[in-house]
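Comments concern the structure below.
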């Protein structure tokens, strides 16, 4: 029997509008791309026509193929940025906004925390998560992993040493109804609502904890 879904707006009008808005914002943010491609197309076109006029480019008198080349240059200049953008060249933050988060009784589907630039979602059972800080007034929530969650995560290598993050963050931009989302998390017992835990605060906390553990080990010896 599948686990009960506590929160799922992935097929809602709100989610659809959010994704459409993300694409629109991306297109508005990169108008220069059109100018670059069009500039290259016009440069190539002018170079070709000057070569034809001067005779450096052979081909006899002007024929239909000249008209075809002109049209192709203009069409490619217009379509190239559109095609490349819609085939995976979205900026990371806007790719993120095309994702969804789903809360279930047995876990949460959220952006994959094992990638630097999340572009896919992944299911994480609640045993992987110790607590979730809603962080009032912040634009992200902070997720603290359990020991099982840390062990299940991929590590990042620094000078042959593997480091695993004990925390992850999720931008609130993909939460289409914050109150229903929080209500769903309340049912899991993982939500910390009224306490703010920023990434900086958490890293300081981790550093202090590491120091205390080191002191305890020395005292035991």
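In our numbering, the protein residues as written are 2 to 222.
Even glycine gets a Cβ: it sits at the ideal position worked out from N, Cα and C.
For residue 188, no beta strand (DSSP E) segment is defined; the enclosing uninterrupted segment is the alpha helix (DSSP H) at 179-189. Around the CB of residue 182, 16 or more other CB atoms lie within 10 Å, so the residue is classed as buried.
Assigned with DSSP and collapsed to three states, residue 156 falls in coil, not helix or strand. Taking all protein chains in view, the Cβ of residue 100 is crowded by 16 or more other Cβ atoms within 10 Å, so the residue is classified as buried.
For residue 171, the enclosing beta strand (DSSP E) has its first and last residue at 168-172. When C-alpha distances from residue 20 are compared across 97, 143, 155 and 71, the shortest belongs to 97. Sorting 45, 142, 204 and 77 by C-alpha distance to the C-alpha of residue 175 places 142 at the top. Cβ neighbours of residue 9 within its own chain (closer than 6 Å, five residues either side excluded): 103. A Cβ-Cβ distance of about 6 Å is found for the pair residue 7 and residue 105, placing them in contact under the 8 Å criterion. Counting along the chain, no beta strand (DSSP E) covers residue 100, and no H or E run does either. Inter-residue distance for residue 205 and residue 25 is about 39 Å (C-alpha atoms, whole angstroms). In this structure residue 107 touches residue 127 by the C-beta definition: roughly 7 Å separates them, less than 8 Å. Beyond the five residues adjoining it in sequence on each side, residue 5 comes within less than 8 Å, by CB distance, of 105 and 106 in the same chain, given in chain order. Sorting 190, 71, 194 and 203 by C-alpha distance to the C-alpha of residue 180 places 194 at the top. In the structure shown, residue 9 adopts extended strand secondary structure according to DSSP, grouped into three states. Residue 74 and residue 42 have their C-alpha atoms some 5 Å from each other. For residue 125, the uninterrupted beta strand (DSSP E) run begins and ends at 122-126, by DSSP.
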